[in-house]
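Working notes, beginning with the structure itself.
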Amino acid sequence: MAAVIIDGKAFAAKVRAQVGAAVTALKAQGITPGLAVVLVGEDPASQVYVRNKHRQTIEVGMNSFEHRLPAETPEADLLALIAQLNADTAVDGILVQLPLPAHLNAELVINAIDPTKDVDGFHIDNVGKLVTGQKSMVPCTPLGSLMLLRDSLGDLNGLEAVVIGRSNIVGKPMANLLLQQGCTVTIAHSRTRDLPAVVRRADIVVAAVGRPEMVKGEWLKPGATVIDVGINRIQPAGADKAKLVGDCDFDSCAAVAGAITPVPGGVGPMTIACLLANTLTATCRRYGLPEPVGLTA
Ligand SMILES: NC(=O)C1=CN([C@@H]2O[C@H](COP(=O)(O)OP(=O)(O)OC[C@H]3O[C@@H](n4cnc5c(N)ncnc54)[C@H](OP(=O)(O)O)[C@@H]3O)[C@@H](O)[C@H]2O)C=CC1
Ligand SMILES: Nc1nc(=O)c2c([nH]1)NC[C@@H]1CN(c3ccc(C(=O)N[C@@H](CCC(=O)O)C(=O)O)cc3)C=[N+]21
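Quick note on numbering: the sequence shown equals residues 241 to 537 in my numbering.
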């Protein structure tokens, strides 16, 4: 069986077009959504994402405010910037790029963001709301993954879902979203015994591990839908250029799965599209306007 390749890049372009149309309508009412991105330090991968976010924010017609701070920025200075962005009426969304340098307390910093501007959905208020099924800001990567799953499978009620990874930014929110959709959810992690046997139960596999090509086709139930969140830069033997691979061994998985997201071109572009969608949602909520349809969980 050859899997359907889920085109996250094309789907993300559609989401951005929808966001762009809504932004045009808002601008006609004198409202321009604004997204502030804060980057502390010089992590090269983070630089790439922040550049892409900036470009795509401008493309959908929003204002983009970039704040680049040196790696050694004191915590108090970062907290002061967040307070300033919270108070700034031109700013509807705030994202602090993770990971932060080790001397900064990420939990403290994230929870200093006004939860209504927390377009990453990482603030404890938004986490609590997501878990209890209240309206919240939903983390971008899980939201984008869910959009792709709904588009390929329709109703998710009753499906067996296995999420590999239990991080606060991907695994846990993903598992909660799937639970809300009526899936029977298993969260696997580094202490899980016999991961292949756990994965074999799944109609839906979400891999968010950070281990290149770990999930093998032999682990999958034939026809399963595979969402590969992993972004790993590897140096293939004999090649001179680094290559981006996911957490799934693409060729063996594609031979068994019913559908699979590629890396690159799968979940990654959806993450940025959902960041823009969340910024639009935050803007609409702030002005008491109807929320965009189909862009929230
Ligand atoms: N596409 C996108 O937009 C995004 C992609 N990513 C990518 O997704 C991946 C995961 O990111 P993130 O959640 O932040 O990573 P973390 O490192 O925070 O979490 C990784 C999780 O994988 C688990 N794990 C590690 N090794 C194994 C193993 N051998 N078997 C089973 N589980 C294991 C860990 O378990 P334990 O908790 O027990 O240690 C942990 O829960 C990375 O490749 C990252 O680059 C991340 C964000 C956005
Ligand atoms: N506060 C915060 N929020 C995040 O959402 C966040 C973060 N910090 N830190 C880092 C991770 C990672 N992340 C990605 C975003 C886009 C791509 C993406 O666009 N990937 C392209 C390829 C990009 C490339 O070529 O490097 C693709 O998969 O096709 C990947 C990964 C967001 N993250």
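Cβ atoms here follow ideal geometry from the backbone N, Cα and C, with glycine treated the same way.
**Asked** Hey, would you say D354 sits closer than 7 Å to N326, going by beta carbons?
**Response** yes
**Residue environment, P413, which counts as buried when at least 16 other CB atoms sit within 10 Å** = buried
**Item:** Delimiting residues of the alpha helix (DSSP H) encompassing T372
**Value:** 364-372
**Item:** Burial state of Q421 (16 or more Cβ within 10 Å)
**Value:** buried
**Prompt:** Less than 7 Å separating the beta-carbons of L520 and V255?
**Reply:** no
**Nearest to I474 (by Cα), restricted to the options A262, V485, L418** = V485
**Request:** Specify the secondary structure class of T272 as computed by DSSP and reduced to three states.
**Result:** coil
**Request:** Could you please give the first and the last residue of the uninterrupted beta strand (DSSP E) stretch that includes I427?
**Result:** 424-428
**Prompt:** First and last residue of the beta strand (DSSP E) that includes V403?
**Reply:** 400-404
**Asked** What separation, rounded to the nearest whole angstrom, lies between the Cα atoms of L435 and M302?
**Response** 43 Å
**Message:** Do V402 and V371 have their beta-carbon atoms positioned less than 7 Å apart in this structure?
**Reply:** no
**Contiguous beta strand (DSSP E) assignments of at least 3 residues, all confined to the segment 474-531** = 483-485
**CB contact below 7 Å: P273 versus chain D** = Among the protein chains of the structure shown there is no chain D, as only one such chain exists.
**Request:** Determine the direct distance from the alpha carbon of R433 to that of S304, and round the result to whole angstroms.
**Result:** 45 Å
**Message:** Once DSSP output is grouped into helix, strand and coil, what is the label at N472?
**Reply:** strand
**Request:** State the Cα-Cα distance for the pair D247 and E531, rounded to the nearest angstrom.
**Result:** 26 Å
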